[in-house]
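Numbering (the working numbering), first residue to last: 223 to 482.
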């Protein structure tokens with residue numbers, strides 16, 4: 223099926239999803255979330271045995287897009303919860319995708335984009351890539367991704383990234399365990415295909431069952447926590463600090479926090 227925000231390509235037994243909003247730094251919109259979910263369904267139903275996720279242009283994904291951010295200020299509580307649930311569905315789907323996934327991170331992966339990059343089974347990044355969750359700096363909440371981040375890098379490191387909102391380079395992301403390999407821009411996709419070839423050399427049945435087992439271990443707790451995280455993500459959007467943080471971000475000024 224045609225997609226407006228991404229390209230889906232099949233070459234042999236490898237499916238590649240390329241986020242394709244380079245003029246927006248591949249920012250996430252509701253349409254992109256729907257497109258990714260549909261592309262994942264198509265890749266799962268195909269003969270492809272490995273999925274690669276990458277971005278067009280100089281960024282991998284810069285997080286939520288500006289128009290979507292503006293819309294948050296006018297959403298009803300029900301719309302805010304639906305929006306949070308939609309993002310949770312996307313992250314849950316990537317985390318539990320039954321075929322091996324490789325993120326080829328060609329540039330910055332920020333906020334939700336960082337989630338897309340690091341929830342794949344393998345994350346290969348260019349040295350110039352930046353990773354981070356700056357949500358607290360605009361009065362928002364990195365709720366959904368925090369569930370997975372704690373499991374990936376441990377609570378102490380997760381608290382550091384989520385509470386400071388700082389960005390880190392690919393080398394530090396590798397030390398923390400968010401990145402599995404660093405490759406130069408000219409070698410990025412080749413490195414992803416070399417890794418894919420290694421995966422394709424293994425038993426597809428064993429790979430599938432191993433992934434299912436790993437997900438089944440954590441799924442009940444993940445699903446319970448996702449409900450809590452989505453509720454908190456929706457709730458914070460009714461606070462004064464969120465409205466001020468969003469306004470200051472859009473107006474490119476320092477926020478004036480009230481703590482309410």
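For glycine and all other residues, C-beta sits at the position ideal for the given N, C-alpha and C.
Using a 10 angstroms sphere on the CB of residue 326, the tally of other CB atoms reaches 16 or more, which defines it as buried.
Remark: three or more beta-carbon pairs, one from each stretch, lie closer than 8 Å, so the region 238-252 and the region 282-291 are flagged as touching.
Every unbroken stretch of the alpha helix (DSSP H) spanning 4 or more residues and falling wholly within the region 254-340 is given here in chain order: 288-294, 299-317 and 334-340. A straight line joining the alpha-carbon of residue 387 with that of residue 359 spans about 6 Å. A residue is called buried once 16 or more other Cβ atoms fall within 10 Å of its Cβ, and residue 481, having fewer, is exposed.
Within the same chain, 346 and 413 come within 6 Å of residue 405 by CB-CB distance, once the 5 residues on both sides are set aside.
Proximity of the region 270-283 to the region 299-315 falls short of the contact definition, fewer than three beta-carbon pairs being nearer than 8 Å.
Looking at the DSSP output, residue 415 sits in no beta bridge, so it has no partner there. A straight line joining the alpha-carbon of residue 226 with that of residue 421 spans about 30 Å. Of the other Cβ atoms in all chains shown, 16 or more fall within 10 Å of the Cβ of residue 242; this residue is therefore buried. In terms of Cα proximity to residue 228, the closest of 259, 235 and 315 is 259. Cβ neighbours of residue 341 within its own chain (closer than 7 Å, five residues either side excluded): 313, 316, 317 and 370.
If you draw a straight line from the Cα of residue 378 to the Cα of residue 224, it comes to about 43 Å.
Leaving aside the five residues that flank residue 376 on each side, none in its chain has a CB nearer than 6 Å to its CB. Under the DSSP definition of a beta bridge, residue 434 lacks any partner.
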